[in-house]
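Trainee: Next up is a structure, given as structure tokens.
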Amino acid sequence: MTLSDYKIQEKEAVRDRAGGICEVCGKHLDNNLGDFAHIIGNTKNNLKLYGIDLIWSRYNGKYTCLNALGHSCNAKADIGHSKAGKIKSYVDYVLRKLGAQNVK
Ligand SMILES: [Zn+2]
């Protein structure tokens, strides 16, 4: 599977799981117009630390209102400013889920 295919697959999984509802504010998003919001942020540093598989995993994503339309829901999904312990336990959770799914 290419990286592009993986991203599309995980985005669709997040959208389907959310049932078209923003997972931050609860708003119904018409025509599935939502963002894949990263819980552990999609930054250069995080990609280096945790890898693309984890960062783009459905378990590291929330379906949210579109950032491009000026909503803040996407940013609210990010736990990057939390204490290190909270971030580490979230990373461990995603790794367990990825192991269970046997993705790479
Ligand atoms: Zn929202």
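Numbering that gives the first Met the number 0 puts the sequence shown at residues 0 to 103. A virtual CB, placed ideally from N, CA and C, is assigned to each residue, including glycine. Note that the structure is a prediction, hence the values are computed from the model and not measured.
Using a Cβ-Cβ cutoff of less than 8 Å, which residues in the same chain neighbour L53 once the five nearest sequence positions on both sides are dropped?
Mentor: The residues are I39, N59, V90, V93, L94 and L97.
Trainee: Under 7 Å Cβ to Cβ from K85, same chain only, skipping five residues before and after it: list those, please.
Mentor: Around K85: I78.
Trainee: In the DSSP assignment, what are the bridge partners of I20?
Mentor: H27
Trainee: Quick one: what's got a C-beta closer than 7 Å to K103's C-beta in the same chain, skipping five residues either side?
Mentor: Caution is warranted here: a pLDDT of 42 is assigned to K103, below 50, making its placement in the model unreliable, and no coordinate value can be reported.
Trainee: Using only CA atoms, which one of H27, Y49 and F35 lies nearest to R57?
Mentor: F35
Trainee: Cutting at 6 Å between CB atoms, please list the residues of its own chain near A12, excluding the five before and the five after it.
Mentor: R57
Trainee: Are the beta-carbon atoms of Y49 and A17 separated by less than 8 Å?
Mentor: no
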